[in-house]
Amino acid sequence: MANRRFSKLFHHLVKITFPLLLLIVANPLILGKSYANDIVEKVENKGTATHWQLVRTSDAIKVYTAKGAKAAKAAKAAKQNEDHNENHDENKHLAHIRAELTVRSSLSGFLLFLQDYDNIPNWLDNAYHSELVSQESPTRNIFITYFEGIWPVKPRDMVIDTEFTQQSDLSINIHVKDAGNSVPLSDDIVRVSVLHANWLIKPIEQLGYIHIAYEFSVNPNGAIPVWLVNQMTVNSVWQTMRNIEQQLPASQWQQFHINSIKEQAVQISPTH
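Quick note: the sequence shown, position 85, residue 212 per the working numbering, numbers continuous.
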(Lines of atoms letter the chains of each structure in order from A and count residues from 1; the text may use other names and numbers.)
(Lines give C-alpha, C1' and ligand atoms only; values in the text may rest on other atoms or scores of the structure.)
Protein backbone atom coordinates (compact mmCIF):
# COMPACT_ATOMS: atom_id res chain seq x y z
CA MET A 1 0.00 0.00 0.00
CA ALA A 2 2.82 2.39 0.91
CA ASN A 3 4.61 1.65 -2.35
CA ARG A 4 1.41 2.27 -4.30
CA ARG A 5 0.88 5.63 -2.58
CA PHE A 6 4.50 6.60 -3.22
CA SER A 7 4.20 5.66 -6.90
CA LYS A 8 0.97 7.65 -7.28
CA LEU A 9 2.42 10.69 -5.50
CA PHE A 10 5.59 10.56 -7.55
CA HIS A 11 3.55 10.30 -10.74
CA HIS A 12 1.87 13.60 -9.89
CA LEU A 13 5.21 15.10 -8.87
CA VAL A 14 6.70 14.24 -12.24
CA LYS A 15 3.68 15.68 -14.03
CA ILE A 16 3.97 19.07 -12.34
CA THR A 17 7.70 19.12 -12.74
CA PHE A 18 7.60 18.04 -16.34
CA PRO A 19 8.07 20.87 -18.72
CA LEU A 20 7.93 21.10 -21.96
CA LEU A 21 8.24 18.33 -21.74
CA LEU A 22 8.67 19.59 -24.12
CA LEU A 23 8.74 23.00 -22.99
CA ILE A 24 10.44 21.52 -19.93
CA VAL A 25 9.79 21.62 -16.28
CA ALA A 26 10.89 20.71 -12.94
CA ASN A 27 14.05 20.99 -11.08
CA PRO A 28 15.76 19.65 -14.13
CA LEU A 29 19.25 19.73 -15.47
CA ILE A 30 18.79 20.41 -19.16
CA LEU A 31 21.17 19.54 -21.95
CA GLY A 32 22.86 22.29 -23.90
CA LYS A 33 22.81 22.87 -27.67
CA SER A 34 26.08 21.14 -28.49
CA TYR A 35 25.13 17.91 -26.71
CA ALA A 36 21.59 17.93 -28.09
CA ASN A 37 22.94 18.24 -31.63
CA ASP A 38 25.37 15.41 -30.88
CA ILE A 39 22.46 13.22 -29.83
CA VAL A 40 20.60 13.94 -33.06
CA GLU A 41 23.69 12.98 -35.05
CA LYS A 42 24.30 9.79 -33.08
CA VAL A 43 20.71 8.55 -33.23
CA GLU A 44 20.47 9.15 -36.96
CA ASN A 45 23.71 7.22 -37.45
CA LYS A 46 22.73 3.55 -37.37
CA GLY A 47 26.32 2.39 -37.01
CA THR A 48 27.93 1.69 -33.66
CA ALA A 49 26.16 4.43 -31.66
CA THR A 50 23.68 2.37 -29.62
CA HIS A 51 23.60 4.28 -26.34
CA TRP A 52 19.98 5.35 -26.84
CA GLN A 53 17.47 2.61 -26.04
CA LEU A 54 14.04 2.74 -27.65
CA VAL A 55 11.54 2.22 -24.83
CA ARG A 56 8.21 3.08 -26.43
CA THR A 57 7.11 3.46 -30.02
CA SER A 58 4.16 3.88 -32.36
CA ASP A 59 3.92 4.64 -36.07
CA ALA A 60 4.61 8.34 -35.40
CA ILE A 61 6.22 8.57 -31.94
CA LYS A 62 9.45 7.22 -30.50
CA VAL A 63 10.76 7.71 -26.98
CA TYR A 64 14.31 6.78 -25.97
CA THR A 65 16.27 6.68 -22.73
CA ALA A 66 20.05 7.00 -22.61
CA LYS A 67 22.21 4.12 -21.43
CA GLY A 68 25.83 3.44 -20.58
CA ALA A 69 28.49 5.85 -21.75
CA LYS A 70 25.95 8.16 -23.36
CA ALA A 71 24.08 8.55 -20.06
CA ALA A 72 27.36 9.25 -18.27
CA LYS A 73 28.23 11.90 -20.83
CA ALA A 74 24.79 13.46 -20.43
CA ALA A 75 25.18 13.63 -16.67
CA LYS A 76 28.59 15.27 -17.04
CA ALA A 77 27.28 17.80 -19.55
CA ALA A 78 24.27 18.60 -17.38
CA LYS A 79 26.46 19.07 -14.32
CA GLN A 80 28.76 21.46 -16.18
CA ASN A 81 25.81 23.49 -17.48
CA GLU A 82 24.01 23.76 -14.14
CA ASP A 83 25.36 26.74 -12.18
CA HIS A 84 22.76 27.17 -9.44
CA ASN A 85 21.59 23.66 -8.57
CA GLU A 86 23.22 22.37 -5.40
CA ASN A 87 22.26 18.72 -5.98
CA HIS A 88 25.18 17.79 -8.23
CA ASP A 89 25.72 14.56 -6.29
CA GLU A 90 22.34 13.30 -7.47
CA ASN A 91 23.33 13.12 -11.14
CA LYS A 92 22.98 9.35 -10.88
CA HIS A 93 19.20 9.92 -10.72
CA LEU A 94 19.05 11.85 -13.98
CA ALA A 95 16.53 10.59 -16.51
CA HIS A 96 17.84 11.12 -20.02
CA ILE A 97 15.04 11.25 -22.58
CA ARG A 98 14.81 11.76 -26.31
CA ALA A 99 11.43 12.03 -28.00
CA GLU A 100 10.68 12.00 -31.72
CA LEU A 101 7.47 12.69 -33.58
CA THR A 102 6.61 12.66 -37.28
CA VAL A 103 3.46 14.66 -37.88
CA ARG A 104 1.61 16.54 -40.59
CA SER A 105 2.42 20.23 -40.22
CA SER A 106 4.23 23.12 -41.81
CA LEU A 107 7.25 24.54 -40.02
CA SER A 108 5.41 27.81 -39.39
CA GLY A 109 2.36 25.93 -38.16
CA PHE A 110 4.41 24.13 -35.52
CA LEU A 111 6.18 27.29 -34.31
CA LEU A 112 2.90 29.20 -34.06
CA PHE A 113 1.29 26.24 -32.28
CA LEU A 114 4.02 26.37 -29.61
CA GLN A 115 3.58 30.13 -29.24
CA ASP A 116 -0.19 29.90 -28.75
CA TYR A 117 0.07 30.34 -24.99
CA ASP A 118 -3.66 30.02 -24.34
CA ASN A 119 -3.53 26.57 -25.94
CA ILE A 120 -0.49 25.20 -24.07
CA PRO A 121 -2.60 23.65 -21.25
CA ASN A 122 -4.41 21.59 -23.89
CA TRP A 123 -1.28 19.65 -24.86
CA LEU A 124 1.28 20.13 -22.08
CA ASP A 125 0.32 17.66 -19.37
CA ASN A 126 -0.88 19.21 -16.09
CA ALA A 127 -0.35 22.82 -17.20
CA TYR A 128 -3.33 25.04 -16.38
CA HIS A 129 -2.25 28.49 -17.60
CA SER A 130 0.43 30.10 -19.75
CA GLU A 131 1.01 33.68 -20.85
CA LEU A 132 3.53 35.87 -22.67
CA VAL A 133 5.86 37.88 -20.46
CA SER A 134 7.67 39.76 -23.22
CA GLN A 135 8.52 39.49 -26.89
CA GLU A 136 12.22 40.23 -27.18
CA SER A 137 12.33 39.92 -30.98
CA PRO A 138 10.33 38.29 -33.79
CA THR A 139 12.14 35.01 -33.01
CA ARG A 140 12.51 35.25 -29.24
CA ASN A 141 9.84 35.20 -26.51
CA ILE A 142 9.77 34.96 -22.72
CA PHE A 143 6.70 33.32 -21.21
CA ILE A 144 5.46 31.75 -18.00
CA THR A 145 3.55 28.50 -17.53
CA TYR A 146 1.72 27.39 -14.38
CA PHE A 147 1.33 23.76 -13.30
CA GLU A 148 -1.22 22.29 -10.93
CA GLY A 149 -0.07 20.88 -7.61
CA ILE A 150 -1.32 17.99 -5.52
CA TRP A 151 -0.92 17.85 -1.75
CA PRO A 152 1.68 18.01 -0.29
CA VAL A 153 3.38 19.36 -3.43
CA LYS A 154 2.80 23.03 -4.17
CA PRO A 155 1.81 24.34 -7.59
CA ARG A 156 4.73 25.17 -9.85
CA ASP A 157 5.53 27.80 -12.41
CA MET A 158 8.35 28.17 -14.88
CA VAL A 159 9.56 31.12 -16.89
CA ILE A 160 11.49 30.32 -20.04
CA ASP A 161 13.25 32.21 -22.80
CA THR A 162 12.86 30.57 -26.22
CA GLU A 163 14.53 31.52 -29.48
CA PHE A 164 14.34 29.80 -32.85
CA THR A 165 16.74 29.87 -35.79
CA GLN A 166 16.45 28.29 -39.23
CA GLN A 167 19.38 26.58 -40.92
CA SER A 168 20.23 26.40 -44.63
CA ASP A 169 18.70 22.90 -44.86
CA LEU A 170 15.38 24.40 -43.62
CA SER A 171 15.67 22.69 -40.23
CA ILE A 172 14.78 24.79 -37.20
CA ASN A 173 16.50 24.81 -33.82
CA ILE A 174 14.57 26.04 -30.80
CA HIS A 175 16.79 26.86 -27.84
CA VAL A 176 15.27 27.14 -24.37
CA LYS A 177 16.82 28.68 -21.27
CA ASP A 178 15.68 29.75 -17.83
CA ALA A 179 14.22 33.25 -17.41
CA GLY A 180 13.05 33.01 -13.81
CA ASN A 181 14.44 36.43 -12.95
CA SER A 182 12.00 38.04 -15.39
CA VAL A 183 8.97 37.49 -13.13
CA PRO A 184 8.69 38.06 -9.34
CA LEU A 185 8.29 34.94 -7.23
CA SER A 186 4.93 34.07 -5.68
CA ASP A 187 4.77 32.88 -2.07
CA ASP A 188 2.38 30.02 -2.81
CA ILE A 189 4.03 28.75 -6.01
CA VAL A 190 7.38 26.99 -6.39
CA ARG A 191 9.54 28.30 -9.25
CA VAL A 192 11.17 25.53 -11.27
CA SER A 193 14.51 26.14 -12.95
CA VAL A 194 15.32 25.46 -16.57
CA LEU A 195 18.77 25.69 -18.08
CA HIS A 196 18.82 24.59 -21.69
CA ALA A 197 16.84 22.32 -23.97
CA ASN A 198 16.83 21.79 -27.68
CA TRP A 199 14.19 21.06 -30.29
CA LEU A 200 15.17 20.16 -33.83
CA ILE A 201 12.41 20.37 -36.44
CA LYS A 202 13.02 19.14 -39.98
CA PRO A 203 10.83 18.89 -43.06
CA ILE A 204 10.95 15.36 -44.47
CA GLU A 205 10.62 13.82 -47.92
CA GLN A 206 6.94 13.17 -47.32
CA LEU A 207 5.68 16.63 -48.29
CA GLY A 208 3.52 18.30 -45.69
CA TYR A 209 5.14 16.44 -42.78
CA ILE A 210 7.85 17.39 -40.30
CA HIS A 211 10.08 15.41 -37.96
CA ILE A 212 10.40 16.74 -34.41
CA ALA A 213 13.27 15.69 -32.13
CA TYR A 214 13.58 16.82 -28.54
CA GLU A 215 16.24 15.91 -25.97
CA PHE A 216 16.48 16.71 -22.29
CA SER A 217 17.78 15.40 -18.99
CA VAL A 218 15.72 15.70 -15.81
CA ASN A 219 16.63 15.30 -12.14
CA PRO A 220 13.57 14.98 -9.86
CA ASN A 221 15.81 15.32 -6.77
CA GLY A 222 15.48 13.21 -3.65
CA ALA A 223 15.95 9.50 -2.99
CA ILE A 224 13.84 8.25 -5.89
CA PRO A 225 14.69 4.96 -7.66
CA VAL A 226 16.13 5.48 -11.12
CA TRP A 227 13.72 2.96 -12.66
CA LEU A 228 10.74 4.92 -11.33
CA VAL A 229 12.13 8.24 -12.55
CA ASN A 230 12.52 6.81 -16.05
CA GLN A 231 9.12 5.11 -16.09
CA MET A 232 7.16 8.20 -15.03
CA THR A 233 9.12 10.58 -17.24
CA VAL A 234 8.68 8.38 -20.29
CA ASN A 235 4.93 8.22 -19.68
CA SER A 236 4.70 12.01 -19.40
CA VAL A 237 6.70 12.60 -22.57
CA TRP A 238 4.61 10.05 -24.42
CA GLN A 239 1.33 11.70 -23.44
CA THR A 240 2.56 15.15 -24.42
CA MET A 241 3.74 13.89 -27.81
CA ARG A 242 0.41 12.15 -28.38
CA ASN A 243 -1.39 15.41 -27.63
CA ILE A 244 0.76 17.25 -30.16
CA GLU A 245 0.22 14.50 -32.74
CA GLN A 246 -3.55 14.74 -32.35
CA GLN A 247 -3.89 18.53 -32.19
CA LEU A 248 -1.18 19.99 -34.42
CA PRO A 249 -2.42 18.87 -37.88
CA ALA A 250 -5.86 20.42 -37.33
CA SER A 251 -4.56 23.54 -35.60
CA GLN A 252 -5.75 26.90 -36.89
CA TRP A 253 -2.09 27.89 -37.19
CA GLN A 254 -1.63 25.67 -40.22
CA GLN A 255 -3.34 28.44 -42.19
CA PHE A 256 -0.67 31.01 -41.30
CA HIS A 257 2.93 31.58 -42.34
CA ILE A 258 5.88 33.24 -40.60
CA ASN A 259 7.54 35.49 -43.17
CA SER A 260 11.06 34.69 -42.01
CA ILE A 261 10.55 30.90 -42.27
CA LYS A 262 11.26 29.06 -45.50
CA GLU A 263 9.07 26.04 -46.11
CA GLN A 264 9.77 22.93 -48.15
CA ALA A 265 8.76 23.53 -51.76
CA VAL A 266 5.52 21.84 -52.72
CA GLN A 267 5.59 20.24 -56.14
CA ILE A 268 2.32 20.70 -57.99
CA SER A 269 1.58 18.17 -60.70
CA PRO A 270 0.67 19.73 -64.06
CA THR A 271 -2.96 19.55 -65.06
CA HIS A 272 -4.05 18.01 -68.36
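Cβ atoms here follow ideal geometry from the backbone N, Cα and C, with glycine treated the same way.
Burial check for GLU332: the Cβ neighbour count within 10 Å stays below 16, so the residue is exposed. Per DSSP, SER264 is one residue of the beta strand (DSSP E) stretching across 254-264. For SER261, same chain residues with a beta-carbon under 8 Å away, outside a window of 5 residues either side, are ASN268, ILE269 and SER309 in chain order. Taking a cut-off of 8 Å on C-beta distances, the segment 251-260 does not touch the segment 374-393, as fewer than three cross pairs fall below it. The alpha carbon of VAL364 has as its nearest neighbour, out of ILE224, TRP179 and LEU181, the alpha carbon of ILE224. No residue range can be given for LEU375, since it is assigned to no alpha helix (DSSP H) and is classified by DSSP as neither H nor E. Judged by their CB atoms, ILE339 and ALA226 are nearer to each other than the 9 Å cut-off. Between ILE371 and LEU234, the CB-CB gap reaches or exceeds 9 Å. The beta carbon of TYR336 lies closer than 8 Å to those of THR229, VAL230, ARG231, SER232 and PRO330 in the same chain, with the five residues before and after it left out.
Each residue's CA atom was taken as its position, placing PRO248 and GLU258 some 11 Å apart.
With at least 16 other beta carbons inside 10 angstroms of its own, THR360 counts as buried.
Going by DSSP, ILE271 is part of the beta strand (DSSP E) stretching over 267-274.
Taken through DSSP and simplified to helix, strand or coil, PRO330 comes out as strand. Ranked by Cα distance from GLN381, the first of LYS189, LEU239 and ILE328 is LEU239.
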